[in-house]
Ligand code: S3P
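Residue numbers (the working numbering): 1324 to 1495.
Laid out in structure tokens, this is it:
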């Protein structure tokens, strides 16, 4: 089985994905890490050298290749992955694959992302917490159409990682 985790930046896809993979004895793959090792550049370097469009092309190729070559994995997407090109269909049309939306409140995302915004090219130049909150609110609104095409949604705003993992295991 392939389990694919989607959700906004800061929703805990990598943390939950790692724990879920350990529980299910599956391999964990983080798409951003795959992109980084494939390009031998960090995500911020790819954005500054190739722009967001360049990043999205690479992201699409690495997603396809990962789904083609790796089975029995938990795959954490980047926050934008399901929202571009044909990526969502690429995931949903595969057999034996579950797409899960890790949903997190605006308040929680704002707190988490304000603390680590410098490493994230899309939000690094946003100066204040209020501006960041406005950005996330609008961005989530644009992206939720894609996130809600997942097979199911798990609320990650308050639950501990272990509870979230148990909840996912019950539902898959
Ligand atoms: C992005 C999210 C990031 C990374 C890139 C773009 C996005 O991944 O892929 O900076 O468009 O939301 P995380 O969600 O793992 O931070």
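Here a beta-carbon is modelled for each residue, glycine too, at the ideal position from N, C-alpha and C.
Separation of residue 1419 and residue 1325 (C-alpha to C-alpha, rounded to the nearest whole angstrom) is 6 Å. Closest by C-alpha distance to residue 1473, out of 1349, 1489, 1495, is 1495.
In this structure, residue 1425 sits near residue 1334, with a CB-CB distance shorter than 7 Å. In the same chain as residue 1433, and ignoring 5 residues on each side of it, the C-beta atoms closer than 7 Å to its own belong to 1452, 1455, 1456, 1459, in chain order.
A direct Cα-Cα distance of roughly 29 Å separates residue 1388 from residue 1479.
Linking residue 1330 to residue 1361 through their CA atoms gives a straight-line distance of about 23 Å. Ranking 1492, 1461, 1353 by CA distance to the CA of residue 1390 puts 1353 first. It is roughly 24 Å from the alpha-carbon of residue 1343 to the alpha-carbon of residue 1466. In this structure, residue 1358 places its C-beta atom within 7 Å of the C-beta atom of residue 1381. Scanning its chain for C-beta atoms nearer than 6 Å, with the 5 sequence neighbours on each side dropped, one finds around residue 1400 the residues 1329, 1354, in chain order. For the pair residue 1444 and residue 1351, the CB atoms are not nearer than the 7 Å cut-off. Between the alpha carbons of residue 1481 and residue 1438 lies a gap of roughly 18 Å. For residue 1400, the three-state secondary structure derived from DSSP is coil. Look at residue 1356: its beta carbon is at least 6 Å from all of the heavy atoms in ligand 1. In this structure, the straight-line span from the alpha carbon of residue 1417 to that of residue 1491 is close to 19 Å. Annotation for residue 1350: the continuous beta strand (DSSP E) segment containing it runs 1350 to 1353. Following the DSSP letters along the chain, one finds residue 1421 inside the beta strand (DSSP E) bounded by residues 1420 to 1426. Restricting attention to 1493, 1488, 1468, 1339, the CA atom closest to the CA of residue 1404 is found in 1468.
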